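What follows is one structure encoded as structure tokens, with my remarks underneath.
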Amino acid sequence: MALTRLRGFQDLIGPDARAVGFVEQCARTVAERYSISEIRIPLLERLELYQRSSGETSDVVEKQMYAFADRDDAQTTLALRPEGTPGVVRAYIDAGLDRSDPEQRFYYYGPMFRRERPQKGRFRQFNQFGVEIFGRADAACDADLIIMVDEFRRELGLEVEFQVNSLGDATCRPAFRQALLEWGRAHLDQLCEDCHARLERNPLRLLDCKTDVKLAATAPSSADYLCDPCRKHIETVEELLTKANVPYVVNPRLVRGLDYYTRTTFEAISNAVGAQSAVVAGGRYDGLVEALGGAAVAGTGFAIGVERIALALDADRFKRDGAPDAAIIAMGDRATVTAMDLARELRTARLRVEMLSPERGLKALLRRADRLGAHFALIIGDNELAQSVVQVRDLRNSAQQSLPRADIAMHLRAALIR
RNA sequence: GUGAGUGUAGCUCAGUUGGCAGAGCACCGGGUUGUGGCCUCGGUGGUCGAGGGUUCAAGUCCCUUCACUCACCCCA
Numbered sequence: 169m170a171l172t173r174l175r176g177f178q179d180l181i182g183p184d185a186r187a188v189g190f191v192e193q194c195a196r197t198v199a200e201r202y203s204i205s206e207i208r209i210p211l212l213e214r215l216e217l218y219q220r221s222s223g224e225t226s227d228v229v230e231k232q233m234y235a236f237a238d239r240d241d242a243q244t245t246l247a248l249r250p251e252g253t254p255g256v257v258r259a260y261i262d263a264g265l266d267r268s269d270p271e272q273r274f275y276y277y278g279p280m281f282r283r284e285r286p287q288k289g290r291f292r293q294f295n296q297f298g299v300e301i302f303g304r305a306d307a308a309c310d311a312d313l314i315i316m317v318d319e320f321r322r323e324l325g326l327e328v329e330f331q332v333n334s335l336g337d338a339t340c341r342p343a344f345r346q347a348l349l350e351w352g353r354a355h356l357d358q359l360c361e362d363c364h365a366r367l368e369r370n371p372l373r374l375l376d377c378k379t380d381v382k383l384a385a386t387a388p389s390s391a392d393y394l395c396d397p398c399r400k401h402i403e404t405v406e407e408l409l410t411k412a413n414v415p416y417v418v419n420p421r422l423v424r425g426l427d428y429y430t431r432t433t434f435e436a437i438s439n440a441v442g443a444q445s446a447v448v449a450g451g452r453y454d455g456l457v458e459a460l461g462g463a464a465v466a467g468t469g470f471a472i473g474v475e476r477i478a479l480a481l482d483a484d485r486f487k488r489d490g491a492p493d494a495a496i497i498a499m500g501d502r503a504t505v506t507a508m509d510l511a512r513e514l515r516t517a518r519l520r521v522e523m524l525s526p527e528r529g530l531k532a533l534l535r536r537a538d539r540l541g542a543h544f545a546l547i548i549g550d551n552e553l554a555q556s557v558v559q560v561r562d563l564r565n566s567a568q569q570s571l572p573r574a575d576i577a578m579h580l581r582a583a584l585i586r
């Protein structure tokens with residue numbers, strides 16, 4: 169049995185790792201600009217947390233979780249986090265912030281785990297960058313988050329389509345849900361197999377049936393059932409997006425798989441990542457903090473699928489990165505001592521330096537320096553030692569000069585600046 | 001969980017009616033006793049995904065199985 173990587177888990181190497189890192193860094197930069205601060209929380213929580221927040225019947229909780237018994241006497245059931253929001257809410261309540269200082273702005277970054285069948289843009293371990301805002305019930309806050317996502321995707325040079333919708337709240341959603349249920353029962357014979365299952369479990373999902381789109385289009389629309397405050401809320405969000413020049417489309421069939429969402433819901437869709445096209449998704453969850461035992465505090469947020477974003481980015485951008493400024497080639501033991509000393513000096517001067525193996529020939533090492541994309545090759549052999557010099561070869565134009573050992577750092581710094 | 005497609009060198013793939021496992025790229029070395037790329041010559045590298053069957057003979061035909069990919073489902 170070979171020791172291969174687990175299905176749905178990935179090793180990110182070289183350009184792939186850089187692409188994901190770039191997305192993470194970009195998201196952090198934008199979030200900081202919005203005065204959002206980082207929160208770091210565990211990857212492992214009680215299973216119950218997810219059961220109580222995501223809804224017992226959601227697929228995530230029902231069949232996608234990595235859950236197992238802890239080794240304590242009480243046999244606590246633990247779960248690797250399938251998403252970030254419940255953990256952040258739990259931490260927020262744990263710290264007593266819901267009572268002491270309810271208005272908080274958090275971002276998190278890290279791996280999530282879901283045991284799904286892998287496909288393009290879908291993995292069993294994947295990274296999410298998420299933002300959660302507590303204590304803000306206003307529409308401006310929702311709009312601000314979408315505007316932030318737009319800023320983020322613009323910095324990456326990524327084209328997406330924003331879709332927005334409102335799911336209503338505790339006042340008006342029950343009536344909408346009931347209407348869908350009745351519509352579904354009335355069209356029972358026309359519904360596809362999947363929709364039969366959806367009907368009783370999660371009627372909202374009837375709306376995004378892909379088997380019979382035409383039929384789904386005749387289903388009741390949430391817009392027709394919104395109460396006045398909910399209608400006003402989504403109208404304000406849309407108005408603010410328009411004023412901020414964020415293009416969006418209203419998708420009345422946009423629903424969420426997780427039960428805790430209320431009112432505003434949105435997604436950013438990319439056509440560059442296969443069928444799993446939602447690269448960012450979010451919305452409002454005003455009842456969640458209270459449902460998890462905290463005060464009645466509003467919440468809203470989103471999560472970015474980091475790998476999906478990376479997939480949508482131009483892969484060539486990350487090919488030639490991480491190339492050293494200088495590759496040092498030492499021939500012989502004495503030269504190696506001098507070379508390591510030189511390397512340390514250059515690194516202190518903030519240059520990116522790689523020592524090449526002293527056990528191979530000059531030709532091979534130059535070839536390697538070239539392949540690494542090094543700007544300079546620094547060659548030290550017996551001749552150079554005798555004269556206290558270093559051969560400085562510019563690999564881009566093949567210009568080579570012999571320079572005093574003491575002048576190397578200054579020379580390279582000057583050469584690399586232009 | 002369901003369906004389809006694909007498994008041959010590290011990577012991308014060729015392999016005819018069943019007849020000695022190949023190419024390009026990558027890697028290593030020579031052409032240059034201490035000078036990269038381009039060129040040229042050579043080399044390393046394979047349980048042909050695995051197991052079974054048919055056959056004188058299987059990468060090729062049959063059965064089973066596993067993995068990967070994409071899609072459904074679901075979702076970031």
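Just so you know, we're using the working numbering here: the first sequence kicks off at 169 and counts up by one.
Glycine included, every Cβ here is placed at the ideal spot set by N, Cα and C.
No experiment lies behind these values; they were computed from the predicted model shown.
Between ILE585 and ALA537, the CB-CB gap reaches or exceeds 8 Å. ALA471 has its alpha-carbon roughly 29 Å from the corresponding atom of ALA387.
Here VAL560 is bridged, per DSSP, to LEU546, GLN569.
For a cut-off of 8 Å, the C-beta gap from SER205 to ARG273 is around 7 Å, short enough to register as a contact. When only Cα atoms are considered, ASP179 and VAL188 end up about 12 Å apart.
Taking a contact to require three or more Cβ pairs closer than 8 Å, the stretch 522–537 and the stretch 572–579 do not qualify as touching. In the structure shown, the three-state DSSP call for GLN444 is coil. Between the stretch 415–422 and the stretch 294–313 there are fewer than three C-beta pairs closer than 8 Å, too few to call the two in contact. Every alpha helix (DSSP H) of 4 residues or more that sits fully in the stretch 474–526 is shown, in chain order, as 474–480, 501–516. Nearest in C-alpha terms to GLY549, of all of ALA582, ASP562, HIS543, VAL505, is VAL505. Rounded to the nearest angstrom, the gap between the Cα atoms of GLY490 and ARG515 is 15 Å. LEU563 and GLU552 have their C-alpha atoms roughly 19 Å apart. Rounded to whole angstroms, the separation of the alpha carbons of ARG476 and VAL414 is 21 Å.
C-alpha of LEU375 to C-alpha of GLU323: approximately 33 Å in a straight line.
DSSP places TYR416 outside any alpha helix (DSSP H); the residue lies instead in the beta strand (DSSP E), whose first and last residues are 416–418. Comparing alpha carbon positions, the residue from THR433, ALA440, VAL465 closest to LEU479 is ALA440.
In the DSSP assignment, ARG214 falls within the unbroken beta strand (DSSP E) covering 212–214. Residue pairing by DSSP leaves GLN193 without any beta bridge partner. By a beta-carbon distance limit of 8 Å, GLY303 contacts GLU271. Their separation comes to about 4 Å. At a Cβ-Cβ threshold of 8 Å, ALA542 and ALA511 do not count as neighbours.
Runs of the beta strand (DSSP E) lying entirely within the stretch 276–331, each at least 3 residues long, are 293–302 in chain order. At least 8 Å separates the beta-carbon of ALA443 from that of TYR393. In this model, LYS487 and GLN193 are separated by some 18 Å (Cα to Cα). In the three-state reduction of the DSSP assignment, ILE437 falls in the strand class. Excluding sequence positions up to five before and after VAL417, its CB lies within less than 8 Å of the CB of GLU329, PHE330, GLN331, VAL332, all in the same chain and listed in chain order. In this structure, the alpha-carbon of CYS398 lies about 9 Å from that of THR339. With fewer than 16 other beta carbons inside 10 angstroms of its own, ARG208 counts as exposed.
DSSP places PHE236 in the uninterrupted beta strand (DSSP E) bounded by 235–237. Non-local C-beta neighbours of PHE544 in its own chain, meaning closer than 7 Å and more than five positions away in sequence, comprise ASP493, ALA494, VAL560, ARG561, ASP562, LEU563, LEU580, ordered along the chain.
Residue state for GLN178 is assigned as coil, using DSSP reduced to three classes.
According to DSSP, GLY451 shares a beta bridge with THR433, GLY469. Considering only GLY352, ALA235, CYS360, the residue with the shortest C-alpha distance to THR245 is ALA235. Your pair LEU335 and THR430 checks out as a contact, with CB atoms roughly 6 Å apart and the cut at 8 Å. Here ASN551 carries a helix assignment [DSSP, helix/strand/coil]. By the criterion of a C-beta distance shorter than 8 Å, LEU313 is surrounded in its chain by VAL299, ILE301, GLY450, THR468, GLY469, PHE470, once the five residues flanking it on both sides are discounted.
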